[in-house]
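K.L.:
Position one of the sequence shown corresponds to residue 9 (the working numbering), numbered consecutively onward.
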Amino acid sequence: MILDFNRDWTFCKKGEVPRHVNLPHDAMLTEKRSATCLNGEKTGYFPGGMYTYEKVFSLDQQDIGKYIAIFFEGIYQHATVFFNEKEMAYQAYGYTEFTVDLSEEAKAGENKITVVVDNSLEPNSRWYSGSGIYRPVFLIMKEKNHITDVSIQTLSYDPAVIEVVAQAEGAEVEILDGDKLVAKGPLGQFTLPHAQLWSAEHPHLYTCLIRTNDDEVRTDFGIRKIEWSARTGLLINGVETLLRGGCIHHDNGILGACAFSDAEERRVRILKKAGYNAIRAGHSPCSRALLDACDRLGMYVMDEAFDGWYTPKTHHDYSRDFDQAYASDIAAMVRKDLNHPSVIMYSIGNEVTETAEARGIQLTEEMVKLIRSLDPSRPVTCGINAMLNVLSAKGRGIYKDTSDYKPEPLPPISATKKQKESGSALFNAIMQKLNWLTNLMAGSKAGDAAIREAAERLDILGLNYGSSRYDKDIVNYPNRMMVGSETLVSELPYNWERVRKYKALIGDFVWVAWDYLGEAGLGDWTYFSYRGLMLAAGSGTIDLIGTIGAQSYFQQIIWGLYHKPYIGVRPVTHSKETAKQSRWRFTNAIDSWSWQGYEGRRAVVEVFSDASWIKLYLNGKLIGNKKIKKYKTKFIVKYMPGVLEAVAYDNNKEEVSRSFLETSGDETVLTVLPEKKSLYANGQDLCFVPIMLTDEAGVYKPARDVSIQVQVKGAGVLQALGSALCKTDEVFNQNVHDTYQGHALAVIRAGYLPGKIRVTVSASGIPAKDVEIEVLNVVG
Numbered sequence: 009m010i011l012d013f014n015r016d017w018t019f020c021k022k023g024e025v026p027r028h029v030n031l032p033h034d035a036m037l038t039e040k041r042s043a044t045c046l047n048g049e050k051t052g053y054f055p056g057g058m059y060t061y062e063k064v065f066s067l068d069q070q071d072i073g074k075y076i077a078i079f080f081e082g083i084y085q086h087a088t089v090f091f092n093e094k095e096m097a098y099q100a101y102g103y104t105e106f107t108v109d110l111s112e113e114a115k116a117g118e119n120k121i122t123v124v125v126d127n128s129l130e131p132n133s134r135w136y137s138g139s140g141i142y143r144p145v146f147l148i149m150k151e152k153n154h155i156t157d158v159s160i161q162t163l164s165y166d167p168a169v170i171e172v173v174a175q176a177e178g179a180e181v182e183i184l185d186g187d188k189l190v191a192k193g194p195l196g197q198f199t200l201p202h203a204q205l206w207s208a209e210h211p212h213l214y215t216c217l218i219r220t221n222d223d224e225v226r227t228d229f230g231i232r233k234i235e236w237s238a239r240t241g242l243l244i245n246g247v248e249t250l251l252r253g254g255c256i257h258h259d260n261g262i263l264g265a266c267a268f269s270d271a272e273e274r275r276v277r278i279l280k281k282a283g284y285n286a287i288r289a290g291h292s293p294c295s296r297a298l299l300d301a302c303d304r305l306g307m308y309v310m311d312e313a314f315d316g317w318y319t320p321k322t323h324h325d326y327s328r329d330f331d332q333a334y335a336s337d338i339a340a341m342v343r344k345d346l347n348h349p350s351v352i353m354y355s356i357g358n359e360v361t362e363t364a365e366a367r368g369i370q371l372t373e374e375m376v377k378l379i380r381s382l383d384p385s386r387p388v389t390c391g392i393n394a395m396l397n398v399l400s401a402k403g404r405g406i407y408k409d410t411s412d413y414k415p416e417p418l419p420p421i422s423a424t425k426k427q428k429e430s431g432s433a434l435f436n437a438i439m440q441k442l443n444w445l446t447n448l449m450a451g452s453k454a455g456d457a458a459i460r461e462a463a464e465r466l467d468i469l470g471l472n473y474g475s476s477r478y479d480k481d482i483v484n485y486p487n488r489m490m491v492g493s494e495t496l497v498s499e500l501p502y503n504w505e506r507v508r509k510y511k512a513l514i515g516d517f518v519w520v521a522w523d524y525l526g527e528a529g530l531g532d533w534t535y536f537s538y539r540g541l542m543l544a545a546g547s548g549t550i551d552l553i554g555t556i557g558a559q560s561y562f563q564q565i566i567w568g569l570y571h572k573p574y575i576g577v578r579p580v581t582h583s584k585e586t587a588k589q590s591r592w593r594f595t596n597a598i599d600s601w602s603w604q605g606y607e608g609r610r611a612v613v614e615v616f617s618d619a620s621w622i623k624l625y626l627n628g629k630l631i632g633n634k635k636i637k638k639y640k641t642k643f644i645v646k647y648m649p650g651v652l653e654a655v656a657y658d659n660n661k662e663e664v665s666r667s668f669l670e671t672s673g674d675e676t677v678l679t680v681l682p683e684k685k686s687l688y689a690n691g692q693d694l695c696f697v698p699i700m701l702t703d704e705a706g707v708y709k710p711a712r713d714v715s716i717q718v719q720v721k722g723a724g725v726l727q728a729l730g731s732a733l734c735k736t737d738e739v740f741n742q743n744v745h746d747t748y749q750g751h752a753l754a755v756i757r758a759g760y761l762p763g764k765i766r767v768t769v770s771a772s773g774i775p776a777k778d779v780e781i782e783v784l785n786v787v788g
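(1) On the DSSP letters alone, give me the boundaries of the alpha helix (DSSP H) that Asn484 sits inside.
(2) Name the DSSP bridge partner or partners of Met36?
(3) Should Ser537 go down as buried or exposed, given a rule of 16 or more other Cβ atoms within 10 Å for buried?
(4) Taking all protein chains shown into account, decide if Leu694 is buried (16 or more other Cβ within 10 angstroms of its Cβ) or exposed.
(5) What are the start and end residues of the beta strand (DSSP E) that includes Ala758?
(6) Mind checking Ala654: buried by the 16 CB within 10 Å criterion, or exposed?
(7) Give the straight-line distance between the Cα atoms of Asn245 and His212, rounded to the nearest whole angstrom.
(8) Spatial neighbours of Asn447 within its chain, please: CB distance less than 6 Å, with the 5 preceding and 5 following residues excluded, ordered by chain position.
(9) DSSP three-state call for Trp533: helix, strand or coil?
(10) Going by DSSP, what residue range makes up the alpha helix (DSSP H) through Met395?
(11) Taking only three categories from DSSP, how would you classify Trp444?
(12) Hey, how far is the Cα of Gly576 from the Cα of Ala597?
(13) Could you check the C-alpha separation between Trp4 and Trp567 for me, to the nearest Å?
(14) Tell me the DSSP secondary structure of Cys266 in three-state form.
(15) DSSP three-state call for Lys377: helix, strand or coil?
(16) Tell me the residue span of the alpha helix (DSSP H) that contains Lys812.
(17) In angstroms, rounded to a whole number, what distance separates the CA positions of Thr249 and Ile352?
(18) Give me the Cα-Cα distance between Gln692 and Asp68, rounded to the nearest whole angstrom.
(19) Would you check if the distance between the CB atom of Ala758 and the CB atom of Val783 is smaller than 8 Å?
(20) Is the CB-CB distance between Ile438 and Gly241 below 8 Å?
(21) Could you pull out every unbroken beta strand (DSSP E) segment of at least 3 residues lying fully inside the region 316–375, listed in chain order?
(22) DSSP beta-bridge partners for Ser770?
(23) Assign Lys623 to one of two classes, buried (16 or more other C-beta atoms within 10 Å of its C-beta) or exposed (fewer than that).
(24) With Ile141 and His33 assumed to form a contact (beta carbons below 8 Å), what rounded beta-carbon distance in angstroms separates them?
(25) Measure from the alpha carbon of Asp481 to the alpha carbon of each residue in Thr679, Thr372 and Tyr510, then state which is nearest.
(26) Please return the same chain residues whose Cβ sits closer than 7 Å to the Cβ of Ala450, not counting the five positions on each side in sequence.
(27) Contact between the region 701–708 and the region 667–677: three or more CB pairs below 8 Å?
(28) Determine, using beta carbons only, whether Ala776 and Ile699 come nearer to each other than 8 Å.
(29) Below 8 Å, can you find three or more Cβ-Cβ pairs linking the region 327–334 to the region 212–229?
(30) Taking only the alpha-carbon atoms, compute the straight-line gap between Asp259 and Arg593 and give it to the nearest angstrom.
(31) Please state whether DSSP places His582 in a helix, a strand or coil.
(32) Which stretch, first to last residue, makes up the alpha helix (DSSP H) that contains Asp456?
(33) Would Lys281 be called buried (16 or more neighbouring beta carbons within 10 Å of its own) or exposed?
(34) Terminal residues of the continuous beta strand (DSSP E) containing Ile566?
(35) Tell me the DSSP bridge mates of Phe198?
(36) With a Cβ-Cβ cutoff of 8 Å, do Gly254 and Phe517 count as a contact?
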């Protein structure tokens, strides 16, 4: 029996009064942001802290003597677990799941779990980490002789043969397709007749049911076999597959680091809608809920173990625990991923400059061997930045250790004194100003030498900002496989041309598919009129609340998935300002021609298309006729209300497609669109409620922003409210928030009792909107 153990915990920060929480819970969101926070822009100016979680629960006398354990999917970080006041376990790495056996200390009657979390030493992460028990928790109660170590592997796909392995004496196995029994027998090999194969395009799942006299385990799986070589490329069930990839971080935007199943599924669903078929979990193992969603919806996954190894990237990071913990943390990731068909590749690191030195090269070999010993069915990669490796090999690396490290707080910083850029911030500054140098060094002989030894030990070489190596390595290393493990969206035309050309180059992962908290301001087009502290990176092709942006349509056009011209307009509201632009985001255009109050202002109109020519019309009048270069062109227009239309032509000047934007009406209404009609009363289900400013016909209005208030009554609570604005002092855990470019998002969380949730959204001078969400009894 595995029980949801997320309800009725107490939480307190050191020195404060305990309060009731349900998990998952991100303690970092409860902290006050500050310009003097030692984490700085890395976490969006959120500090960490020390926190205690406790839960009291009862056991019956008949439970004593059984196997009783508690399973944590993720605690950030340095978690110490106590059971009935006795210390039971310690887990340093904040992204590793772990199980604590409570059997010997369990007693009939009242028992208490205490988890002490220490995220107080700052900085320890290059991005927003969150704090506390941010992923789900489960209580396991089984007989001593229970089923463990279940592995379901596809041996062949034609015919479909699987092998089911487990530690389970006398087990019987049933393979189900929905409710239909398709095979049964003891542990071992099974041939499945007329099998449906799993792929991102057709994510068909089977269920494996393993039974003994004492236990039962159900595991969903897909029939999916991976093959790879420089000659054939990446094959999924024998079909060549090109990875239309995007990198993501582990946070869920305005929910912070909390890993709710509904949030992870929504993210995968929107990523898939935006044309992605693969994600890279940068730079930490992703949640089980994300993998479940990828299995169900169809999304390939590169799961990544670490951001760094033994050389620190921030002063108090995981490097201080790496040598003692890395092997067990890698093993935990592989065990988590083993039966998920969506996981097609493991990554052992991100921009780990240790791969340029003898110790790191040996470590690369050891980690690859370790993963192959646990799972030989998937390739192993590592995201290597050749320029950083060159600098490291020359003794000028941007990441440096301090031989006299002590686990003590750093001295405070000034709110007014500009901090010296170092580490990844220094690299980001180099990329921002000297991107050409990054590519030049990556493609140089020195770049080749700095990555060669590590590359030989990997199944697939991951190249971060190293596309200048593609043409050279195809010739010089004919057996080398490559993947663009981290790239710029603006370089996709060049990169995707080579992905299509070279079998050995299996795909491209842009930074970044979905915007994320922390590394604040990395990709944002910031205007000087914005106020507040930087909060989010701002570089997502999909923004912080899930709105698909202009860069995404640019990608879809290059991938051959979107065939109409995309029209984007840079915010006319800021036409008299110059934005701080970023390499990680080549445009801030949005698809709207509703800029009331800005008539006559200069409007920059960008059009993306796979056609040859674009004619742009405003209210039927030709504005210009321009040739498409690298899938885009640009027009300067004086804003006037009406219809803005782009017509695409091929080389023969024949029309191939057209699209338009239309100005909204003068009236403004709140458009509130819950993404679900009902939830279950399990304390975990979420309903995402996008809120937009539109006219009565639903035409979007970005020129005006308002303060909105969200009231939630009944069988649920407001879990979060926010916008995609990257520079703000607003928070996500209150019921008032400004829209940004006419958008906001509310997230409603179900309680534990059935009933109805009534959500009221209001803003000054605009009629309020009410919506209802039904909360149903949990079945089973």
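In this text, a Cβ means the ideal position worked out from N, Cα and C, and glycines have one as well.
P.N.:
So, from the data block:
(1) Tyr478 to Asn484
(2) In the DSSP output, where bridge partners are listed per residue, Met36 has none listed.
(3) exposed
(4) Under this definition Leu694 is a buried residue.
(5) His751 to Ala758 is the span of the beta strand (DSSP E), which, as asked, contains Ala758.
(6) buried
(7) 13 Å
(8) Ser476
(9) Annotated three-state conformation of Trp533 is coil, per DSSP.
(10) Ala394 to Ala401
(11) helix
(12) 5 Å
(13) Lying outside 9 to 788, the shown extent of the chain, residue 4 is not represented and no answer is given.
(14) coil
(15) Secondary structure of Lys377 (DSSP, three-state): helix.
(16) The chain is shown only over 9 to 788; residue 812 falls outside these bounds and no answer can be derived.
(17) 11 Å
(18) 26 Å
(19) Contact: yes.
(20) no
(21) 351–358
(22) Gln717
(23) buried
(24) 6 Å
(25) Tyr510
(26) Ala394, Met395, Tyr473, Gly474, Ser476 and Arg477
(27) yes
(28) no
(29) The answer is no - the region 212–229 does not touch the region 327–334, with fewer than three Cβ pairs under 8 Å.
(30) So the alpha carbons of these two residues sit roughly 20 Å apart.
(31) helix
(32) Lys453 to Arg465
(33) Classified as exposed, Lys281 has fewer than 16 neighbouring CB atoms from the shown chains inside 10 Å of its CB.
(34) Not the beta strand (DSSP E): Ile566 falls in the alpha helix (DSSP H), residues Ala558 to Trp567.
(35) Ile170
(36) yes
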